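Asks:
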Amino acid sequence: MEAFHLLSRGGAKFDKSKFKSDVNLFNGKKSKAANASTSARAPEGELPPELDFFKYAQGGQGKRKASEPNGGADAKGKKRRVEEDEDTEDEDADEAEQAAEEDDPPMPRHRVTTKGNNVPEHVETFEALRERYNIPSRLLQNIAQSGYKRPTGIQSHGIPILLEHRDLAAISPTGTGKTLSYLLPVMSALGAPAASSKSNPGSGVRALILAPTRELAHQIHNECLKLAQGRKWKIVLFSKATAATLADKKVREKIDLIISTPLRLVASLQAGNLELNNVRHIVLDEADRMLDAEFLEQVQEVIAACTHPEVQKAVFSATLPANAEKVAMSMLRDPIRVVVGLKDTPLPLIAQSLTYVADDQSKLPTLLQYLSQPYNPPVLIFVSSQPRATSLAEELVISGVPNVDCLHAGMTMKEREDAVSRMRRGESWVMVSTEVMARGMDFKGVREVINYDFPQSVQSYIHRIGRTGRAGREGKAITYFTNEDAPFLKTIANVLLQSGSTVPEWILKLPKPSKMKRREMGKVKRAEAVNNARRIGRSDAIKKRDMVAASKRRKAKETQSKTDGATSSPHADGADGESA
DNA sequence: AAAAAAC
């Protein structure tokens, strides 16, 4: 483990300034290319995709099915719909300068469709919001300072809806500024800080934002702090530590806004340490994820605790499958539904491809080969489990790949945070991760995503590759597939087609496997997974290292009673614990 | 259809 950290961080190898200039070079080139392709495509009018678009957008649900047939038929460039989007959702606090230097990529507009009663008119500029809704000018200032210039599609439509206190289901592609779409209205409605109105018993937590991972909650919190500059609101990123302070009622009464993962909040509710009866705004980010089986109960419990009659609810996501949408709509009151671009379709800005790799063993050589040639760092690599993330990262380090990092939820909070910061600072060239990183995370610099392990759903695919191509930048996504992935290959291939990437003929000719067949193959896959898929490569080097580590641990245990906290790397055992 | 994440 220590070897891993040393190697991957290896000071000598990492030449930051060089990296930076590479990045700049890339940016310059790319934005020109993006401009060119935009202007080339848009004016030509590409009728077929446009027509397709309207068909789907107006039809509402079930588009995926409808799209499959012609996806196969007209193939290729045809399916490339209008360029959409983009905005400037930026990231994180420490990224302000980076944003400044990268400046504005082209911002093609998305088609937007809305459905619902009395839909408020959209705005073209942030200034228009002040005229119409009288939102605090300090907030507008902070928005400008954070580098936001023009509202994106979801912002110009979603913000007025939320400012008029309507419930909203918003579907907008990855990297198109959803975060600001809900933060601005919520913060605009927040009013005076709870701490300042002691006489008012109706203060306390007035807004709640729920996200599926700690990392995403943290990122939202950062964004929130930027918008809140100059105000005295107490904006809390919920964690074990902050939850512990809530035993004191005075502390919780001063909170204005909470950003949290659901379970954390449920724990505090059940402990009787939190009142949500004055919450006026609830936002579910990554809504389809928040409403799937594992989270639904928790989310419902939180929502049930928000008993104020005027509570406004909003759900946001880049994907919203029909069943999730049903659940979402049933929670909302007289909702408005806004769809930007094509539902469940990635951005055309992302150049996607599929790579055949026969079987699991063939993946590592393929990846090493890829990384031995010039690529655009940072690359984000997705695998299907924590142990696979750990061992793939180790294999890469051992193979001499520079600046390799790893991030999964089995790591300690500190390790996770450190990994994210390295990523944000541009120090990671190759980041190996699990689904934790698949949703919402906004690393502007990510130019390439590799699905080392095949994604388990269309939604997962869309979100994973959506880590690149953000805010109008171009991106590249490669997906490895093995024979075992065959049953799900065609579904993903159709997603590629829909978003303007090309797919080899033979894949399109694959029959759609029957449900039974899929189930059968699923079984085989699972059985094999149990047998061999925990670790990636199992090189001799790693085996040896593991044995050494194991014996060290044994020794450490024996002497533990004496030396206790003195071990140099308490976290190493945890992260490496699965090595058995 | 299934793992990851949430604590």
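Counting in the UniProt record's numbering, the first sequence runs from 1 upward without gaps.
Even for Gly, the Cβ is constructed at its ideal location relative to N, Cα and C.
Because the structure is a prediction, the values reported are computed rather than measured.
Going by other Cβ atoms of all chains shown within 10 Å of its Cβ, with 16 needed for buried, is Glu-528 buried or exposed?
Replies: Translated into the one-based positions of the first sequence, residue 528 becomes position 528. Because the pLDDT of Glu-528 is 47, which lies under 50, any placement of that residue in the model is unreliable, and the number read from its coordinates should be weighed accordingly. With fewer than 16 other Cβ atoms within 10 Å, it is exposed.
Asks: Does the beta-carbon of Phe-382 have 16 or more other beta-carbons within 10 angstroms, so that it is buried, or is it exposed?
Replies: By one-based count along the first sequence, residue 382 stands at place 382. Per the 10 Å Cβ criterion, buried.
Asks: Assuming Phe-295 is part of the alpha helix (DSSP H), what are its boundary residues?
Replies: Sequence index remark: in the first sequence, residue 295 carries index 295 (1-based). 293 to 305 is the extent of the alpha helix (DSSP H) around Phe-295.
Asks: Pull up the distance between the alpha-carbon of Ser-372 and that of Ser-353, whole angstroms please.
Replies: Taking the first residue of the first sequence as position 1, residue 372 is located at position 372. Taking the first residue of the first sequence as position 1, residue 353 is located at position 353. Ser-372 and Ser-353: Cα-Cα distance of roughly 19 Å.
Asks: For Glu-121, count the other beta carbons within 10 Å of its own beta carbon; 16 or more makes it buried, fewer makes it exposed. Which is it?
Replies: Locating residue 121 in the first sequence gives position 121, counting from the first residue. Exposed, because fewer than 16 other Cβ atoms sit within 10 Å of the Cβ of Glu-121.
Asks: Just how far apart, CA to CA, sit Arg-166 and Asp-485?
Replies: On the first sequence, position 166 is the one that residue 166 refers to. On the first sequence, position 485 is the one that residue 485 refers to. Using only the alpha carbons, I get a separation of about 43 Å.
Asks: Quick one, which of Ile-235, Glu-427, Ala-293, Pro-487 has its alpha-carbon nearest Gln-456's?
Replies: Residue 456 sits at position 456 when you count from the first residue of the first sequence. The candidate whose alpha carbon is nearest that of Gln-456 is Pro-487.
Asks: Could you pull the start and end residues of the beta strand (DSSP E) that Val-401 belongs to?
Replies: For the purposes of this step, residue 401 is identified with residue 401 of the first sequence, where counting begins at 1. From DSSP, Val-401 is part of no beta strand (DSSP E); its letter is neither H nor E.
Asks: Tell me whether residue 628 sits in a helix, a strand or coil according to DSSP, three-state version.
Replies: The structure shown does not extend to residue 628, since the chain spans only 1 to 580, so no value can be given for it.
Asks: Please state whether DSSP places Asn-451 in a helix, a strand or coil.
Replies: What you label residue 451 is simply residue 451 of the first sequence in a count that begins at 1. Three-state result, Asn-451: strand.
Asks: Tell me, which residues are paired with Leu-407 by DSSP?
Replies: Stepping through the first sequence from its first residue, residue 407 is reached at position 407. BP columns for Leu-407 point to Ser-433.
Asks: Between the C-alpha atoms of Ala-179 and Tyr-370, what's the straight-line distance to the nearest angstrom?
Replies: Your numbering for residue 179 matches position 179 in the first sequence. Your numbering for residue 370 matches position 370 in the first sequence. The amino acid at residue 179 is misidentified as Ala; the sequence shows Thr. Using only the alpha carbons, I get a separation of about 34 Å.
Asks: If you draw a straight line from the C-alpha of Thr-213 to the C-alpha of Asn-403, how long is it?
Replies: Translated into positions along the first sequence, residue 213 becomes position 213. Translated into positions along the first sequence, residue 403 becomes position 403. Taking the Cα positions, Thr-213 is about 24 Å away from Asn-403.
Asks: Helix, strand or coil for Thr-366, going by three-state DSSP, please let me know.
Replies: Mapped onto the first sequence, residue 366 falls at position 366. In the structure shown, Thr-366 sits in a helix (DSSP, three-state: H, G or I).
Asks: Nearest to Ala-318 by CA position, among Asn-118, Ala-189, Gly-440, is which residue?
Replies: Translated into the one-based positions of the first sequence, residue 318 becomes position 318. It is Gly-440 whose Cα lies nearest to the Cα of Ala-318.
Asks: Any idea what DSSP makes of Tyr-356, helix, strand or coil?
Replies: Mapped onto the first sequence, residue 356 falls at position 356. Note: Tyr-356 maps to strand in three-state DSSP.
Asks: Give a yes or no on whether the C-beta atoms belonging to Met-431 and Ala-169 are separated by under 8 Å.
Replies: Mapped onto the first sequence, residue 431 falls at position 431. Mapped onto the first sequence, residue 169 falls at position 169. Taking 8 Å as the Cβ cut-off, Met-431 and Ala-169 do not qualify as a contacting pair.
Asks: Starting from the Cα of Ala-228, find the closest Cα among Thr-345, Leu-396, Leu-184, Asp-405 and give me that residue.
Replies: Sequence index remark: in the first sequence, residue 228 carries index 228 (1-based). It is Leu-184 whose Cα lies nearest to the Cα of Ala-228.
Asks: Tell me Val-338's beta-bridge partners as DSSP assigns them.
Replies: Here residue 338 corresponds to residue number 338 of the first sequence, with the count starting at 1. According to DSSP, Val-338 bridges with Thr-114, Ala-170.
Asks: Counting Cβ pairs, one atom from each stretch, are 3 or more of them under 8 Å apart for the region 462 to 472 and the region 445 to 453?
Replies: yes
Asks: When the Cα atoms are used, what is the spatial distance from Ala-419 to Thr-174?
Replies: Position 419 of the first sequence, counting from 1, holds the residue named residue 419. Position 174 of the first sequence, counting from 1, holds the residue named residue 174. Cα-Cα distance, rounded: 22 Å.
Asks: In the DSSP output, what is Thr-479 paired with across the bridge?
Replies: Locating residue 479 in the first sequence gives position 479, where the first residue counts as 1. Thr-479 pairs with Leu-354, Asn-451.
Asks: Alpha carbon to alpha carbon, how far is Ser-260 from Asn-134? Give it in angstroms, no decimals.
Replies: Sequence index remark: in the first sequence, residue 134 carries index 134 (1-based). Sequence index remark: in the first sequence, residue 260 carries index 260 (1-based). Computed Cα separation, rounded: 29 Å.
Asks: Nearest to Lys-490 by CA position, among Leu-347, Thr-482, Ile-507, is which residue?
Replies: Taking the first residue of the first sequence as position 1, residue 490 is located at position 490. The option with the nearest alpha carbon to Lys-490 is Ile-507.
Asks: Need the endpoints of the alpha helix (DSSP H) that Ile-507 sits in, please.
Replies: By 1-based counting over the first sequence, the position of residue 507 is 507. That run of the alpha helix (DSSP H) goes 505 to 509.
Asks: Sorted by chain position, which residues of the same chain lie with C-beta nearer than 8 Å to Asp-359's C-beta, five sequence neighbours on each side aside?
Replies: Counting from one through the first sequence, the residue named residue 359 turns up at place 359. For Asp-359, where only same-chain residues beyond five positions count, the Cβ hits under 8 Å are Thr-482, Asn-483, Glu-484.
Asks: Considering Cα atoms alone, identify which of Val-283, Ala-322, Met-290, Thr-479 is closest to Val-311.
Replies: For the purposes of this step, residue 311 is taken as the residue at position 311 of the first sequence. For the set Val-283, Ala-322, Met-290, Thr-479, the Cα lying nearest the Cα of Val-311 is the one of Val-283.
Asks: Spatial neighbours of Lys-460 within its chain, please: CB distance less than 8 Å, with the 5 preceding and 5 following residues excluded, ordered by chain position.
Replies: Position 460 of the first sequence, counted from the first residue, corresponds to residue 460. The sequence given here places Ser at residue 460; Lys does not occur at that position. So the list reads Glu-435, Ala-438, once near-sequence residues are dropped.
Asks: Using only the alpha-carbon positions, how far apart do Lys-249 and Thr-479 sit?
Replies: Here residue 249 corresponds to residue number 249 of the first sequence, with the count starting at 1. Here residue 479 corresponds to residue number 479 of the first sequence, with the count starting at 1. Cα to Cα, Lys-249 sits roughly 50 Å from Thr-479.
Asks: To which residues of the same chain is Gln-298 closer than 6 Å at the C-beta, ignoring the five residues directly before and after it?
Replies: Taking the first residue of the first sequence as 1, we reach residue 298 at position 298. Pro-262, Leu-263, Val-266.
Asks: Where does Leu-47 sit, in a helix, a strand or coil, going by DSSP?
Replies: On the first sequence, position 47 is the one that residue 47 refers to. In this prediction, Leu-47 scores a pLDDT of 23, lower than 50, which makes its location untrustworthy; no coordinate-derived value is stated.
Asks: Can you tell me whether DSSP reads Val-383 as helix, strand or coil?
Replies: For this step, residue 383 is matched to residue 383 along the first sequence. Coil at Val-383, not helix or strand.
Asks: Going by DSSP in three states, Ser-501 sits in which element: helix, strand or coil?
Replies: Here residue 501 refers to the residue found at position 501 when the first sequence is read from its first residue. Coil at Ser-501, not helix or strand.
Asks: Would you call the CB atoms of Ala-247 and Asn-222 closer than 8 Å?
Replies: Stepping through the first sequence from its first residue, residue 247 is reached at position 247. Stepping through the first sequence from its first residue, residue 222 is reached at position 222. No, these two residues do not count as a Cβ contact at 8 Å.
Asks: Assuming Arg-470 contacts Lys-444 (C-beta within less than 8 Å), just tell me the rounded distance between them.
Replies: On the first sequence, position 470 is the one that residue 470 refers to. On the first sequence, position 444 is the one that residue 444 refers to. Between Lys-444 and Arg-470 the Cβ distance is about 6 Å, and since that is below 8 Å, they are a contact.
Asks: Which residue or residues does DSSP assign as beta-bridge partners of Val-283?
Replies: To locate residue 283, count along the first sequence from 1; it is residue 283. Answer by DSSP bridge pairing, in chain order: Ile-209, Ala-314.
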